[in-house]
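Structure first, then comments.
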Amino acid sequence: MSETVKLCPVDEIPEGEIRGETLPDGSRIALYNVGGRIFATADRCTHGEVSLSEEGTLEGKTVECSWHFGTFDVTTGEATGMPCEHALKTYPVEVIEGVVHVTY
Ligand code: FES
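Okay, structure coming up:
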C-alpha cells in the first residue's frame, strides 16, 4: 500500500535546484524544481553509488551525474545519456498549501 509523506516547503527548492530527502522507509530521494514544478526520483544514480542531489546538476528537466556525465529525464526517470541505461524510480509529487508531498 502506498503512503504519502509531507517533506518540505516548496520555497526551499528554488527553480533549477535539487534537494535530497529521506522517506520514512529510509529511501533517499531527490526533489527537482523544473520550471516551477517539483519532480521526485530515487537519489542514487543507476550507474553508480552517487547521490544525484549532492553530485548532480539540473539543466531544464535533465539531471547530469557528475561522475561519468550520464543523464536522466527527471520528469519520467528515463536514462537519456550514456553510460546510464537504467531508469530512475520516480515518485508522484503534490504540492499542498505550499508543502511538497511525495507518495511512495
Ligand atoms: S555514477 Fe552516475 S554516471 Fe556513472
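Residue numbering for the sequence shown follows the numbering used here, beginning at 5 and increasing consecutively.
Note that beta-carbon positions come from the ideal geometry of N, C-alpha and C, so glycine has one too.
Since the structure is predicted, the reported quantities are computational estimates derived from the model, not experimental observations.
Spatial neighbours of residue i in its chain, beta-carbon cut-off 7 Å, leaving aside the 5 residues before and after
i, result
"Gly4", "Absent from the structure is residue 4, since the part of the chain shown begins at 5 and ends at 108."
"Thr75", "Thr66, Val67, Glu68, Thr84, Gly85, Cys88"
"Thr26", "Arg32"
Alpha-carbon to alpha-carbon, residue j and residue i
i, j, result
"Gly102", "Phe43", "14 Å"
"Pro28", "Val54", "21 Å"
"Glu16", "Ile22", "10 Å"
"Val64", "Gly39", "One point to set straight first is that residue 64 is Gly, not Val, in the sequence displayed. The straight-line gap from Cα to Cα measures roughly 7 Å."
Same chain only: Cβ atoms within 6 Å of residue i, ignoring 5 sequence neighbours per side
i, result
"Lys10", "Val103, His105"
Span of the beta strand (DSSP E) around residue i
i, result
"Leu62", "60-63"
"Val106", "103-107"
"Asp15", "No beta strand (DSSP E) contains Asp15, which DSSP labels as neither H nor E."
"Gly85", "83-85"
"Asp77", "75-77"
For residue i, the nearest candidate out of the options (CA to CA)
i, options, result
"Trp71", "Gly52, Thr80, Ser57, Thr79", "Gly52"
Bridge partners - residue i, DSSP secondary structure assignment
i, result
"Ser55", "Arg48"
"Gly24", "Ala34"
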